[in-house]
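Last residue of the sequence shown: 361 in our numbering, with the numbers rising by one and none dropped.
All residues carry an ideal CB built from backbone N, CA and C; glycine is no exception.
Notes to accompany the following structure.
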Amino acid sequence: MPELAYDVSKADNYAQEGDKRTFRQNAEAILKGEQPDYYFDIMSAAVIIPDPHFVSCSIPKDGQLHVDPWGVTRCFHPTAPGAHPVINDETKVVKDIELWKEQFIVPPVEGLDWSKAKEVADKVDRDAKYVCLFSSTGLFERSHFAMGMEDALCNYLEEPELMAEFLECVADWKIRYIHEAAKQVHPDMIFYQDDWGSKQNLFLPPSVWRELIKPLHTKIVEAAHEEGMLFLHHADCICEPIVEDMCEMGIDVWSDAIPQNNLKKILEICDGRMAIKGGLDCPALDSDDIPEEKVIEAVHELIDTYCPYGHFFPALTNAALYNSPRNDKIVKAELLKYGREWAQAHPIA
């Protein structure tokens, strides 16, 4: 195994001793299309705070069923990368879309204990790192978490007016929580999650997504911007058909964009209006059977291909390669090592 030139997990405020830019300053250079010291994963510049809602939604990795504050039954299997909803006729929260107001559970926004979040945020040098609010389960995900994927998709097509009411309720909660977080700890960034598709296509026809999701999501983005937050939208799925819409909504960074999208075309369409983070095909590298040289080759190809467009953060499209810790370490070290070499060899005029 090659010597790791750099371990992101051990970094403080600078990627390397002697750097003039902090992580945050380097990220902002990439966002602005200016010359960075290195190309890297913008989340290396983020400190996610343990806000009270995030903490209350966390469940143990024990394979048991747990009910979260939204009434959703979830399970976190010891071998899984994350917790997943367990939805059946018994556990389904919204069993009838016509009765969603009576059945849907909305947790409180005010009166929560922000002391742990404040403790973490107060220790962050904000010239060096972003204080980050983690906002999982966006509008679309909340709909299928509440009623199951099959019912949700049918309701989007058959009951659009009722779904619009339901989604507006979720969006209102999201917006109120953003403003409450701003009042409590003033986050610099929101890492928002809502997967709008699979690795093959969008879950909804673009026309339906534009009618029901886009207007409300735009208000969520606007609320974050009103509070001075950078808006990162995680969607490790196909979003290519709605990329122009994502730019119009004001999303600052599409996070964890998978290479099944035509990322060259997308970077041209965005033209600096929205940065892209991701690009590395994680399943193709997530095995110890993949030779180390192939892993390094994939990292180099990623940076060589997309960094010339600018406004690009080369990164994994998952938090980690869960099945191959060895390759995970190689990727993360090589991303920054070669990201630095490439930046120095290709200065922006």
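Close beta carbons around residue i, own chain, < 8 Å, minus the five adjacent residues each side
i: Gln115; result: Val105, Val106, Lys107 and Asp108
i: Met258; result: His245, Cys251, Trp266 and Met286
i: Gln76; result: Cys87
i: His229; result: Gly150, Leu151, Ala183, Asp206 and Met261
i: Pro359; result: Gln47
i: His237; result: Phe243 and Gly262
i: Pro320; result: His358
i: Pro14; result: Note that Pro14 has pLDDT 37, beneath the 50 cutoff, so the model's placement of it is unreliable and the number below is only indicative. If we look at Pro14 and ignore the five residues flanking it on each side, its Cβ neighbours are Glu304, Ile308 and Ile342.
i: Gly45; result: Gly284, Gly322, His323 and Ile360
i: Glu153; result: Gln205, Asp206 and Asp207
i: Lys32; result: Asp49
Distance, residue j Cα to residue i Cα
i: Tyr194; j: Met55; result: The sequence given here places Ala at residue 194; Tyr does not occur at that position. The alpha-carbon atoms of Ala194 and Met55 are separated by roughly 20 Å.
i: Gln272; j: Lys289; result: 14 Å
i: Leu242; j: Glu260; result: 15 Å
i: Leu111; j: Cys166; result: 16 Å
i: Trp208; j: Asn25; result: 33 Å
i: Ile61; j: Glu309; result: 35 Å
i: His354; j: Ala332; result: Looking at the sequence itself, residue 354 is Trp, so the reference to His does not match. In a straight line, the C-alpha of Trp354 is about 23 Å away from that of Ala332.
i: Ser148; j: Asp63; result: 12 Å
i: Asn100; j: Ser299; result: 33 Å
i: Ile302; j: Thr91; result: 21 Å
i: Ile232; j: Arg188; result: 9 Å
i: Cys181; j: Gly123; result: 19 Å
i: Ala2; j: Val59; result: Any question about residue 2 goes unanswered here, given that the chain covers just 13 to 361.
i: Lys170; j: Ala164; result: For clarity, residue 170 is Glu in the given sequence; the question names Lys instead. Cα-Cα distance, rounded: 10 Å.
i: Ala95; j: Val84; result: 11 Å
i: Val125; j: Lys135; result: Here the sequence assigns Asp to residue 125, which means Val is not the residue at that position. Their Cα atoms are separated by approximately 18 Å.
Residues of its chain near residue i, where Cβ-Cβ distance is below 6 Å and the 5 sequence neighbours each way are ignored
i: Ile270; result: Asp248 and Thr329
i: Val220; result: Tyr168
i: Leu347; result: Val311 and Pro326
i: Phe203; result: Cys144, Phe146 and Leu244
i: Asp268; result: His246, Asp248, Gly290 and Thr329
i: Pro93; result: Tyr334
i: Arg352; result: Tyr50
i: Lys277; result: none
i: Ala69; result: Note that residue 69 is Cys in the sequence shown here, rather than Ala. Taken in chain order, the residues that qualify are Asp80.
i: Ala41; result: Pro48
Beta-bridge partners of residue i, as assigned by DSSP
i: Met175; result: Partner(s): none; Met175 has no beta bridge.
i: Ala287; result: Val265
i: Met201; result: Cys144 and Leu242
i: Val59; result: Val143
i: Arg86; result: His78 and Pro97
i: Gly209; result: Leu214
i: Ala447; result: The chain is shown from 13 up to 361; residue 447 falls before or after that span and cannot be answered.
Distance between beta carbons of residue j and residue i, contact taken as under 8 Å
i: Phe52; j: Pro97; result: With a Cβ gap of about 33 Å, Phe52 and Pro97 do not count as contacting.
i: Val197; j: Lys130; result: 6 Å
i: Trp185; j: Val118; result: 6 Å
i: Pro172; j: Leu214; result: Incorrect: roughly 16 Å between the Cβ atoms, too far for contact.
i: Ser155; j: Leu179; result: 7 Å
Close Cβ partners of residue i (< 7 Å) along its chain, the five nearest in sequence each way excluded
i: Lys211; result: Cys249, Ile250, Ile270 and Gln272
i: Asp137; result: Asn25
i: Tyr350; result: Val311, His312 and Ile315
i: Ala235; result: Ile187, Ile190 and His191
i: Leu224; result: Tyr168, Pro172, Met175, Ala176 and Leu179
i: Lys73; result: Phe88 and Pro90
Margin query: When you compare the stretch 133–144 with the stretch 30–39, are there three or more beta-carbon pairs, one atom per stretch, that lie closer than 8 Å?
Written below: yes
Notebook entry, point to check: Does the pairing of the stretch 338–355 with the stretch 272–282 give three or more beta-carbon distances under 8 Å?
Noted result: no
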